[in-house]
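Be aware that the sequence shown starts at 130, since it is given in the numbering used here, and climbs by one per residue. No residue lacks a Cβ here, since even glycine has one placed at the ideal position from N, Cα and C.
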Amino acid sequence: MTLMHAMTTTHYQKTRIPLPQVEPRSAIPLQNLRIPGPTPVPPAVLAELARPVVNHRGPEFAAILRRVTARLQYVFQTNAPVLTFPASGTGGQECALVNLFSPGEHVVAITIGHFGNRFAQIAERYGLQVSRNTFPWGEAADQAIVETRLHELAPYRGVLLTHNETSTGVTKDLQTLSALIRRHNPDALIVVDAVSSCLMMLAAGPRAWEAKAQARLPRFYFDWARARASLERGQHPVTPPVSLFYALDLALEMMLAEGLEAIFTRHRHLGEYVRKHVRAIGLHLLADPVSASNTVTAVRVPEGIDAKALLNMLRERDQVVLAGGQEHLSGKIFRIGHMGSCEVRDLFTALNCLQVRLKECGFAAGTHREERLAQW
Ligand SMILES: Cc1ncc(COP(=O)(O)O)c(C=O)c1O
């Protein structure tokens, strides 16, 4: 029923919904947002969102879509068209699965945390036969175990991987894992969720497009073929969030100006900085530094400290926002995000505040402050 229709029915008049009594809108605080995502957005990119909206079937939007697609191909280092479905990360996981597989097909999910499990759950919900190869949270996938498991399993069509497991701050060695999978099953479809390490866009190689032609899982909104056909006309199959494309356009321009290698180096640097200083405070990391993520760091909550109270204190008094743990790690870890628009000075401030508040909570904090920012 449309709103107009609803407003003209007698039913509406009889059961009129009163004006809602809501809290007044208030200013959004400027915070040191150190969660794994959403991440802070540079002011210039935010300003793009304020530009006038154009026709999504017109030439202005077509130019933006062409530019965005070409730049995404560069970021993903692929010749295949990169598809942009307006959706969250979960939508991206679902989008990949429904285009690649048919009901009842066997896939292996190598999962090391919450988001790997979600990938497996979506596959199960769509009627795939999922063999989970799970590892303890905080650990990377052990390659020898993966190899043995792949040998034991019945033939499988695909393998689901999470590149950067945001719930635990662990990054998988994709190159080694993919080589191992390829050795065992050269035709396997390797499906990678890179939401918190790359971007939530859909980059499918030739093998995936071939698979798509056979795949029979139901799909409509997320259909790659419709998206690709529209893209060739400089359009989107549905009404896209035009303003978000303005912001994406500039964000990509800024990324390319910084350079991919420079971005990787900056993140490596940020990851090392956080790990070093978290340890200097006297805290323990969840992940082994060898597989620790350079975009999010999971820190064990010290014995006797109330994680929720600590994070509340940081948010209310210091405007430093950290993320808690998920599922069984709730209250046991907190996570510090350092992806995207992030500099050492943001982390320096966040870690100083963390150290002070931990001390107030009774934890004998270490020496983070003695490390000089200038060294970085
Ligand atoms: C690796 C990974 N996959 C999937 C998701 C799900 O994304 P969303 O919550 O945006 O649906 C997230 C969200 O943090 C993630 O980090």
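Buried/exposed call for residue i, threshold 16 Cβ in 10 Å
i    : result
Q484 : buried
D322 : buried
K341 : buried
A104 : The chain is shown only over 130 to 505; residue 104 falls outside these bounds and no answer can be derived.
A503 : For A503, the predicted structure reports a pLDDT of 46, less than 50, and the residue's modelled location is therefore unreliable. A value from the coordinates is still provided. Label assigned to A503: exposed.
A386 : exposed
F214 : buried
L159 : exposed
G388 : exposed
F463 : buried
8 angstroms Cβ cutoff, residue i in contact with chain B
i    : result
S325 : The structure shown contains no chain B, having only a single protein chain.
Coil, strand or helix - residue i by DSSP
i    : result
A503 : Its pLDDT being 46, under 50, A503 is placed unreliably by the model, and the measurement read from it follows with that caveat. If DSSP states are grouped into helix, strand and coil, A503 belongs with the helices.
L480 : helix
D322 : strand
T131 : With a pLDDT of only 49 at T131, under 50, the local geometry of the prediction cannot be trusted, and the value read off the model is given with reservation. Of the three classes helix, strand and coil, the one that applies to T131 here is coil, per DSSP.
I410 : helix
S459 : coil
N293 : strand
H467 : coil
P149 : coil
S260 : strand
V430 : coil
I239 : strand
N161 : strand
V506 : Nothing about residue 506 can be read from this structure; the chain reaches only from 130 to 505.
T300 : strand
A269 : coil
L212 : strand
L282 : coil
V425 : strand
A156 : coil
L389 : helix
L379 : helix
L178 : coil
Pairwise C-alpha distance: residue j and residue i
i    : j    : result
R336 : R286 : 12 angstroms
A479 : L360 : 42 angstroms
P147 : P153 : 17 angstroms
F230 : R278 : 21 angstroms
V236 : A416 : 27 angstroms
Q455 : S296 : 6 angstroms
A252 : A452 : 27 angstroms
P265 : I319 : 22 angstroms
S420 : A380 : 28 angstroms
S422 : N293 : 7 angstroms
M70  : Y203 : The question about residue 70 has no answer, for the chain in this structure spans 130 to 505.
R446 : L162 : 14 angstroms
F248 : H396 : 25 angstroms
K461 : Q222 : 27 angstroms
E276 : E382 : 40 angstroms
W338 : D352 : 12 angstroms
S326 : L303 : 12 angstroms
Y375 : L175 : 9 angstroms
A493 : L440 : 17 angstroms
V299 : A173 : 31 angstroms
A225 : T144 : 43 angstroms
V227 : E234 : 12 angstroms
T506 : A391 : The structure shown does not extend to residue 506, since the chain is modelled only from 130 to 505, so the question has no answer here.
H365 : T198 : 12 angstroms
L443 : K437 : 10 angstroms
G363 : T168 : 29 angstroms
M384 : Q206 : 14 angstroms
Residue i beta carbon near ligand 1 (any heavy atom closer than 7 angstroms)
i    : result
F244 : yes
Q455 : no
P165 : yes
R247 : yes
G218 : yes
N293 : yes
S325 : yes
Q150 : no
D322 : yes
Q222 : yes
Cβ-heavy atom distance, residue i to ligand 2, below 7 angstroms
i    : result
K437 : Questions concerning ligand 2 fall outside what the structure shown contains, since the ligands it does hold are ligand 1.
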